[in-house]
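The numbering of the sequence shown is the numbering used here, which starts it at 2 and goes up by one.
From the three backbone atoms N, C-alpha and C, an ideal C-beta is built for every residue, glycine too.
Presented below is the structure to which this report refers.
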Amino acid sequence: MLFPDVHSAASLTVSPDRVQHFTSDSVSLTCEGNFTEWRVRKFSEDGRLYSDCRRMTGSTCNINTSKSDTAVYWCESGSGEFSSAVNITVQNDGNGPILVSPVHPVTEGASVSLSCSLRTQKILSNVFFYHNDKLIQNDTRGELKISAVSKSDEGFYKCQYSGRESAQSWMSVKVTVSGADSSSSPVWLIVGLVCGVSLIIILLLLLYRCRQSKCKSLFSVSSSSSSSSIDISLSICHR
């Protein structure tokens with residue numbers, strides 16, 4: 002199962018929280034959920050499926066990154082629950098920059114910051130940012146901020162610094178539907194349909210009984226001016 006169910010009760014946390022890493026970085030992949038047994042699986046660039054982490058401590062897999070660690074990772078519990086998968090890319094060029102972007106999808110409407118980093122210098126200036134190979138910003142602060150993410154922001158991102166480009170990473174945007182729209186609306190729609198059908202049936206039954214009984218009137222209304230009251234009674238149909 003290469004891409005596990007994103008709605009699973011299991012989850013995977015990556016620290017530091019970014020897709021791209023330098024070689025020899027220490028990266029921790031932690032499995033979370035109500036399970037006691039865990040293993041971290043990966044599908045590498047060369048098409049190989051690895052079942053176990055080399056350094057697994059409890060629910061955490063510790064990696065001292067090398068180029069071969071570029072892969073898709075996910076957690077699997079002893080009972081067969083899977084987490085969603087994440088991509089990890091290891092930069093082979095020790096002198097080039099990496100793009101700092103989140104490993105998990107960003108929720109629509111949330112804010113996100115992308116930045117560019119060197120192994121020896123974390124904060125850079127005069128950085129070029131690209132979205133799907135199109136230049137979108139030349140930021141002197143070395144940071145790309147998106148205050149309210151939309152589906153149109155999804156795609157491949159990369160940064161460029163001093164003529165060197167990072168690898169590109171995919172940023173996914175998760176579209177959510179509000180609880181009222183996703184749960185309440187269908188319920189009220191069903192209730193409305195049931196009430197509407199019930200009302201039609203009741204009216205048809207009343208019409209049928211009235212025709213069978215030859216009722217003169219369904220309701221009789223009388224009023225008394227002296228007592229300033231109104232009496233409403235349902236007439237009795239006689240066959």
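Legend entry - Under the three-state DSSP convention, the category Lys135 falls into: Residue mapping note: residue 135 aligns to position 134 of the sequence shown, counting from 1. Of the three classes helix, strand and coil, the one that applies to Lys135 here is strand, per DSSP.
Legend entry - Inter-residue Cα distance where the pair is Gln21 and Phe83: Within the sequence shown, residue 21 is the residue found at index 20, counting from 1. Within the sequence shown, residue 83 is the residue found at index 82, counting from 1. Looking at the two C-alpha atoms, the distance is approximately 23 Å.
Inset, instruction - Look at Val87 and Phe44 and say whether their C-beta atoms are less than 8 Å apart. - result: Here residue 87 corresponds to residue number 86 of the sequence shown, with the count starting at 1. Here residue 44 corresponds to residue number 43 of the sequence shown, with the count starting at 1. Contact: no.
Legend entry - Supposed contact pair Leu145 and Phe157 - C-beta distance, whole angstroms, cut 8 Å: Taking the first residue of the sequence shown as 1, we reach residue 157 at position 156. Taking the first residue of the sequence shown as 1, we reach residue 145 at position 144. Not quite, the Cβ-Cβ distance comes to about 13 Å (not below 8 Å), so this is no contact.
Legend entry - Alpha-carbon spacing of Ser114 relative to Lys159, whole angstroms: Translated into the one-based positions of the sequence shown, residue 114 becomes position 113. Translated into the one-based positions of the sequence shown, residue 159 becomes position 158. Each residue's alpha carbon lies about 13 Å from the other.
Legend entry - Where Thr283 falls, given that 16 or more other Cβ within 10 Å makes a residue buried: This structure cannot speak to residue 283, because the chain is shown only from 2 to 240.
Legend entry - Coarse secondary structure for Lys152, derived from DSSP in three states: In the sequence shown, counting from the first residue as 1, residue 152 sits at position 151. Helix at Lys152.
Inset, instruction - Apply the 10 Å Cβ neighbour rule to Asp18 and answer buried if 16 or more other Cβ atoms are within range, or exposed otherwise. - result: Taking the first residue of the sequence shown as 1, we reach residue 18 at position 17. The residue in question, Asp18, is exposed, as its Cβ has fewer than 16 Cβ neighbours within 10 Å.
Inset, instruction - Could you name each continuous beta strand (DSSP E) segment of 3 residues or more that falls completely within the segment 65 to 120, going from the start of the chain to the end? - result: 72 to 78, 87 to 92, 99 to 101, 113 to 118
Inset, instruction - Return the Cβ separation of Ser52 and Trp39 in integer angstroms, given the expectation that the two are a contact with Cβ distance under 8 Å. - result: Within the sequence shown, numbered from 1, the residue matching residue 52 stands at position 51. Within the sequence shown, numbered from 1, the residue matching residue 39 stands at position 38. Actually they are not in contact, since the Cβ atoms of Ser52 and Trp39 sit about 12 Å apart, beyond 8 Å.
Legend entry - Sequence-distant residues of the same chain with beta carbon closer than 7 Å to Asp182, five excluded per side: Against the sequence shown, residue 182 aligns to sequence position 181. Low local confidence applies: a pLDDT of 41 at Asp182 is under 50, so the model's placement there is unreliable, and no value is given.
Legend entry - Nonlocal neighbours in the same chain, by C-beta distance under 8 Å from Ile203, ignoring five residues either side: On the sequence shown, residue 203 is found 202 positions in, with the first residue counted as 1. Result list for Ile203: empty, nothing under 8 Å.
Inset, instruction - Indicate the three-state DSSP secondary structure (helix, strand or coil) for Arg210 in the structure shown. - result: Counting from one through the sequence shown, the residue named residue 210 turns up at place 209. It is helical.
Legend entry - Simplified DSSP state of Ile201, which is helix, strand or coil: Residue mapping note: residue 201 aligns to position 200 of the sequence shown, counting from 1. Note: Ile201 maps to helix in three-state DSSP.
Inset, instruction - Inspect the beta-carbon positions of Arg89 and Thr71 and report whether they are closer than 8 Å. - result: Here residue 89 corresponds to residue number 88 of the sequence shown, with the count starting at 1. Here residue 71 corresponds to residue number 70 of the sequence shown, with the count starting at 1. Here residue 89 is Ile; the residue named in the question, Arg, does not match the sequence. Yes, these two residues count as a Cβ contact at 8 Å.
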